[in-house]
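Residue numbers (my numbering), protein chains in the order written: chain A, 136 to 429; chain B, 691 to 1076.
Note that CB positions come from ideal geometry on N, CA and C, so glycine has one too.
No experiment lies behind these values; they were computed from the predicted model shown.
Structure, as structure tokens:
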Amino acid sequence: MLNIEQFDIDNPVNQFLRKDRLPHIWCPGCGIGTTVNCFARALLETDTDLRKTAIVSGIGCTGRVAGYMKLDSFHTTHGRPIPFATGLKLANPELKVIVYSGDGDLLAIGGNHFIHAARRNIDILVVLVNNFTYGMTGGQVGPTTPIGAVQTTMPFGNFEAPFNIPYLADSCGAVYVARWTAYHVKQLAKAMKEALAKKGFSLIEVLAPCPTLYSRRNRLGDGIDQMKYYKEKSVVKHGVDTKETNLSFQGEIVVGKFVDRERSTFLDNMNEHYQKVFGEKYKPYGVRHEQERD
Amino acid sequence: MKADKKGVLTGIHFLDGDHACCEGALAAGCRFVAGYPTPPSTEVVERFASRIPLVGGIFIQMEDEIASSIAIQGAVWAGAKAMTVTSGPGLSLMMEHIGLAAITECPIVIVDVQRAGPSTGLPTMPAQGDMMQAKWGSHGDYEVIALSPNSPQECFDLAIDAFNLAEQYRVPVLFMMDECVGHMTERVVIPEPEEINITERKWTKKTPEEFLPFQPGEDMIPEMIKAGDGYAIHVTGLTHNEKGYPLMTPAAQEKLVKRLIDKIKLNADKIVRYEEDSVDGAEVVVVSYGITSRVTLPAIEKARKEGVKVGHLRLIVAWPFPEKRISELAGKIKAFVVPEINYGQMVLEVERCAGGKAGVHLVPHGGGTVHNPDVIYKKIMEAARC
Chain A
136 MLNIEQFDID
146 NPVNQFLRKD
156 RLPHIWCPGC
166 GIGTTVNCFA
176 RALLETDTDL
186 RKTAIVSGIG
196 CTGRVAGYMK
206 LDSFHTTHGR
216 PIPFATGLKL
226 ANPELKVIVY
236 SGDGDLLAIG
246 GNHFIHAARR
256 NIDILVVLVN
266 NFTYGMTGGQ
276 VGPTTPIGAV
286 QTTMPFGNFE
296 APFNIPYLAD
306 SCGAVYVARW
316 TAYHVKQLAK
326 AMKEALAKKG
336 FSLIEVLAPC
346 PTLYSRRNRL
356 GDGIDQMKYY
366 KEKSVVKHGV
376 DTKETNLSFQ
386 GEIVVGKFVD
396 RERSTFLDNM
406 NEHYQKVFGE
416 KYKPYGVRHE
426 QERD
Chain B
691 MKADKKGVLT
701 GIHFLDGDHA
711 CCEGALAAGC
721 RFVAGYPTPP
731 STEVVERFAS
741 RIPLVGGIFI
751 QMEDEIASSI
761 AIQGAVWAGA
771 KAMTVTSGPG
781 LSLMMEHIGL
791 AAITECPIVI
801 VDVQRAGPST
811 GLPTMPAQGD
821 MMQAKWGSHG
831 DYEVIALSPN
841 SPQECFDLAI
851 DAFNLAEQYR
861 VPVLFMMDEC
871 VGHMTERVVI
881 PEPEEINITE
891 RKWTKKTPEE
901 FLPFQPGEDM
911 IPEMIKAGDG
921 YAIHVTGLTH
931 NEKGYPLMTP
941 AAQEKLVKRL
951 IDKIKLNADK
961 IVRYEEDSVD
971 GAEVVVVSYG
981 ITSRVTLPAI
991 EKARKEGVKV
1001 GHLRLIVAWP
1011 FPEKRISELA
1021 GKIKAFVVPE
1031 INYGQMVLEV
1041 ERCAGGKAGV
1051 HLVPHGGGTV
1061 HNPDVIYKKI
1071 MEAARC
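Shown next as structure tokens:
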């Protein structure tokens, strides 16, 4: 029998993973690992200097992503990866900063930070894995749970309206907004690569199955069944008005790139403004001067 | 290392405590402040916002104190010296991130200009009601350092010490001002940059291959790197091993938490700081801090005129508490009198350390103003007669 270890081959994404931390904690059929694979593929193709790339997560299943990436990685507090990333980015603007976290972390407890970072146009990429539930804590209702879905704290079905994430990000000023699913691995990796090259607050929502809690409680089968749902019900609508990207329980999923625009960032605005106010006395912040280059 | 002259406003100034605190932070090398407006602390960030563009750095007014208290930790991991500034309700919101800074050993400074609570309480009138919260507010076991200035000059001087201590011990340092100290205006002398000693971050010289981000040195403190140095480190609020990887076992917990405690407890003699006046041979010793240490002076004078031998011990470092000194004094004196603008916080420490060897008399005050010195005087006389 052939043994893979006989061959001197390594998966090219392995270089981005902390292999000494594997196996990971995610359940069989969970989509988070798939998104990480896409992210590693995007890193493989990006021009970004990985020594200058940092990843920040909050708490929860997706909050564990930072810990598996061989980058400067920060596993912070629940809901707060965005303000941590804001400090990291502003104190060293040379860093490329990615926030990788879940729907509950970024939009419930961290919702305030999400909208303000987008408003200020902090130059970070946010990858938001949306599995419609709080996985780590046992499957409670979250801010993206579709109406009708059963959750441990909505035992008779959810009656709260969920966020339309692309619309929220768009209306707060994000420069890049896309949605894909764990089924769309090629498109997702491409979107991640594209968003890594953007300057400004960029948001990629990724739908990912949670077979252990969300699917099981709603009798939706296993991970494969959710992937089939993503495959069958996804409709690519690039550039569609984000008001039309609402999700419903097992309904149509609008995917694609919805927003791709330019907007000056917090630091651009700060530097431009202070140059106007102080003239030559002001030394632009975060801009390396020739003599300082090593 | 000496102070970077860009941040040092050398000269003789007439400043309030809030502004002096800001100048101390700038002199200490603080180049990143994230804050949310909470009186009576707003003057600190307002001054920082107006000074920082030409010094070079960032002020960002965040959406709340929760965000502020973690944005500064991101800034620290990017290499900056950073602080946030708040008062009562804002400090309550920052508790979780004091815990994060404690477990990730992130050197930050949190300025709390205390006002009367609970809740919205009495904005913006004085109190000293956050002293126990500063020590115990976040869940779990950890240690912090807390300083308590009693004048604008000390707001400047101790702000520098706050940053230096944060770097030396890699702990959150709480700068416990109060409304009176924050808003009183006095002469503040800012020395030349060469006269200001700065503790540099404990940067590692190890290579990425040999470096373990949470391996303590002999002083129990690990070395640091900053994001972007090519070390690909992992930092987590979970219990972790020396590599920084989550390790959730009772053994790992014991090892980590014990060190977080020990690095302050076992160095307490070096950190503890207080000022004494006529303590030797005293019958009664007043223990005070912040504005109350000044309000208490006329009371002490008056009691001395009545022939009572009164000493005064002023806490400059509130946490760690000067356990040894209080315990030592307890064996020699009749009683401690502890005036504070709360219903009994630091007095509990005095009681604990006195261990029944001396009487301990609280002079409580609900806040909103300072004590009437006569009330303190009466308590001193009562304590002397006991």
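Whole-number beta carbon distance between residue j and residue i, since they are thought to touch under 8 Å
i, j, result
"GLY195 (chain A)", "GLY270 (chain A)", "7 Å"
"ASP207 (chain A)", "ALA226 (chain A)", "That belief does not hold up - the Cβ atoms of ASP207 (chain A) and ALA226 (chain A) are roughly 13 Å apart, past 8 Å."
"ALA330 (chain A)", "LEU260 (chain A)", "5 Å"
"LYS1024 (chain B)", "ALA1048 (chain B)", "6 Å"
"PRO842 (chain B)", "THR700 (chain B)", "Not a contact, Cβ separation roughly 16 Å."
"PRO903 (chain B)", "ILE915 (chain B)", "7 Å"
"PHE384 (chain A)", "ALA284 (chain A)", "5 Å"
"THR287 (chain A)", "GLY237 (chain A)", "No, THR287 (chain A) and GLY237 (chain A) are not in contact; Cβ-Cβ is about 16 Å, not under 8 Å."
"GLU973 (chain B)", "VAL998 (chain B)", "6 Å"
"PRO862 (chain B)", "VAL698 (chain B)", "So it is not a contact: roughly 25 Å between Cβ atoms."
"ALA252 (chain A)", "ILE217 (chain A)", "5 Å"
Chain B residues whose Cβ lies nearer than 7 Å to that of residue i
i, result
"SER208 (chain A)", "HIS924"
"PHE298 (chain A)", "Per Cβ cutoff of 7 Å: no residues; PHE298 (chain A) is ~18 Å from chain B at best."
"HIS251 (chain A)", "GLU753"
"HIS248 (chain A)", "GLU753 and ALA757"
"ARG186 (chain A)", "GLY918 and GLY920"
"LYS334 (chain A)", "By Cβ distance, chain B contributes nothing, its closest Cβ being about 17 Å from LYS334 (chain A), past 7 Å."
"PHE413 (chain A)", "PRO743 and LEU744"
Residue i vs residue j beta-carbon contact at 8 Å
i, j, result
"ALA989 (chain B)", "ILE1070 (chain B)", "yes"
"LYS224 (chain A)", "ILE257 (chain A)", "yes"
"VAL262 (chain A)", "PHE174 (chain A)", "yes"
"SER731 (chain B)", "VAL803 (chain B)", "yes"
"ILE762 (chain B)", "ALA724 (chain B)", "yes"
"THR794 (chain B)", "VAL947 (chain B)", "no"
"ASN293 (chain A)", "THR279 (chain A)", "no"
"PRO1010 (chain B)", "ILE954 (chain B)", "yes"
"ALA313 (chain A)", "ALA326 (chain A)", "yes"
"HIS1061 (chain B)", "PHE1026 (chain B)", "no"
"LEU855 (chain B)", "ILE886 (chain B)", "no"
"SER782 (chain B)", "PRO729 (chain B)", "no"
"ALA1020 (chain B)", "ALA1044 (chain B)", "yes"
"SER838 (chain B)", "GLY980 (chain B)", "yes"
"LYS205 (chain A)", "ALA922 (chain B)", "yes"
"VAL775 (chain B)", "VAL801 (chain B)", "yes"
Cross-chain neighbours of residue i in chain A, by beta carbon under 8 Å
i, result
"LEU790 (chain B)", "THR211 and THR212"
"PHE722 (chain B)", "GLY222, LEU225 and ALA226"
"ILE793 (chain B)", "In chain order: nothing, as chain A lies at least about 10 Å away."
"ILE760 (chain B)", "THR211, THR212, ARG215, PRO218, PHE219 and GLY222"
Residue i CB to nearest heavy atom of the ligand GTP below 7 Å
i, result
"THR316 (chain A)", "Although the ligand GTP was asked about, the structure shown includes no ligands whatsoever."
Beta-carbon neighbours of residue i, restricted to chain B and to distances below 8 Å
i, result
"PHE393 (chain A)", "Chain B residues near PHE393 (chain A): none, gap ~25 Å exceeds 8 Å."
"GLY202 (chain A)", "HIS924, THR926, TYR935 and PRO936"
"ARG156 (chain A)", "TYR935"
"TYR417 (chain A)", "PRO743 and LEU744"
Chain-ordered neighbours of residue i on chain B, where CB pairs are closer than 9 Å
i, result
"TYR409 (chain A)", "PRO743 and LEU744"
"LEU230 (chain A)", "ALA768, ALA917 and GLY918"
Partners in chain A for residue i, counting only beta-carbon separations shorter than 7 Å
i, result
"GLN763 (chain B)", "PHE219 and GLY222"
"HIS787 (chain B)", "THR212"
"ILE961 (chain B)", "Per Cβ cutoff of 7 Å: no residues; ILE961 (chain B) is ~27 Å from chain A at best."
Amino acids of chain C, ordered along the chain, whose beta-carbon sits closer than 7 Å to that of residue i
i, result
"LYS205 (chain A)", "The structure shown contains no chain C; the protein chains it does contain are A and B."
Chain A residues whose Cβ lies nearer than 9 Å to that of residue i
i, result
"ILE800 (chain B)", "Those do not exist, as ILE800 (chain B) stays about 14 Å from chain A at its closest Cβ, beyond 9 Å."
Task: Contact between the region 340 to 359 of chain A and the region 370 to 377 of chain A (3+ Cβ pairs under 8 Å) - done: no
Open item on the list: Quick check on the DSSP output: what are the complete alpha helix (DSSP H) runs of length 4 or more inside the region 138 to 189 of chain A, in order along the chain?
Closed with: 167 to 180
TODO: Please list the segments of the beta strand (DSSP E) lying wholly inside the region 769 to 844 of chain B, counting only runs of 3 or more residues, in order along the chain.
DONE: The qualifying runs are 771 to 776, 799 to 806, 812 to 816 and 835 to 837.
TODO: For the region 928 to 937 of chain B and the region 948 to 962 of chain B, state whether three or more C-beta atom pairs, one from each stretch, are separated by less than 8 Å.
DONE: no
Open item on the list: For the region 843 to 854 of chain B against the region 717 to 726 of chain B, do three or more pairs of beta-carbon atoms, one drawn from each stretch, fall closer than 8 Å, so that the two count as touching?
Closed with: yes
- [ ] Evaluate the contact criterion for the region 1048 to 1058 of chain B versus the region 998 to 1005 of chain B: three or more CB pairs, one atom per stretch, below 8 Å.
- [x] no
Open item on the list: Within 8 Å, do at least three Cβ pairs link the region 267 to 284 of chain A to the region 321 to 339 of chain A?
Closed with: No, because fewer than three Cβ pairs between the region 321 to 339 of chain A and the region 267 to 284 of chain A fall closer than 8 Å, the two stretches do not touch.
Task: alpha helix (DSSP H) segments (min. 4 residues) lying fully within the region 1019 to 1073 of chain B - done: 1036 to 1044
Open item on the list: Restricting to runs no shorter than 3 residues, where is the beta strand (DSSP E) found entirely within the region 216 to 254 of chain A?
Closed with: 231 to 237
Open item on the list: Any contact between the region 866 to 880 of chain B and the region 803 to 818 of chain B? By contact I mean 3 or more CB pairs, one from each, below 8 Å.
Closed with: yes
TODO: Would you list, in sequence order, the uninterrupted alpha helix (DSSP H) runs of no fewer than 4 residues that lie entirely inside the region 314 to 364 of chain A?
DONE: 320 to 331
TODO: Scan the region 920 to 988 of chain B and note each continuous beta strand (DSSP E) run of 3 residues or more that stays entirely inside, going in chain order.
DONE: 924 to 926, 964 to 967 and 974 to 978
Task: Ranges of the beta strand (DSSP E) found wholly within the region 257 to 309 of chain A, counting only runs of at least 3 - done: For the region 257 to 309 of chain A, whole beta strand (DSSP E) runs of length 3 or above, ordered along the chain, are 260 to 265.
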